[in-house]
Amino acid sequence: MNRLDCITVKVKTPFGSLYAHIEFDKNRRPIEISFSSPGKFSETEVGNALNALAAAVNQTLKEERK
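Residue numbering for the sequence shown follows my numbering, beginning at 187 and increasing consecutively.
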């Protein structure tokens, strides 16, 4: 089985809902985080900030697994 467990959490903000997606390995350890919005922030400064935050968290998770 190649599918990962994922939890999606809806986060209400003053400028609309955002979503946090947390993927887990088979031992239920978080291995990847991503953030999304329903198309509102793609290719915007907010979207870029969300992508940068996710990249920082994912790099930290990767380093902690070594």
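From the three backbone atoms N, C-alpha and C, an ideal C-beta is built for every residue, glycine too.
It should be emphasised that the depicted structure is a prediction, and the values quoted were computed from it without experimental measurement.
>> If I measure Cβ to Cβ from S223 and keep anything under 6 Å in the same chain, skipping five residues before and after, which residues do I get?
In response: Excluding sequence neighbours, S223 sits near L204.
> Per DSSP, A206 is paired with what?
Replying inline: BP columns for A206 point to V195, F221.
> Going by Cα to Cα distance, which pick from A240, R251, E229 is closest to I208?
Replying inline: A240
> What's the gap between the Cα of N244 and the Cα of F221?
Replying inline: 12 Å
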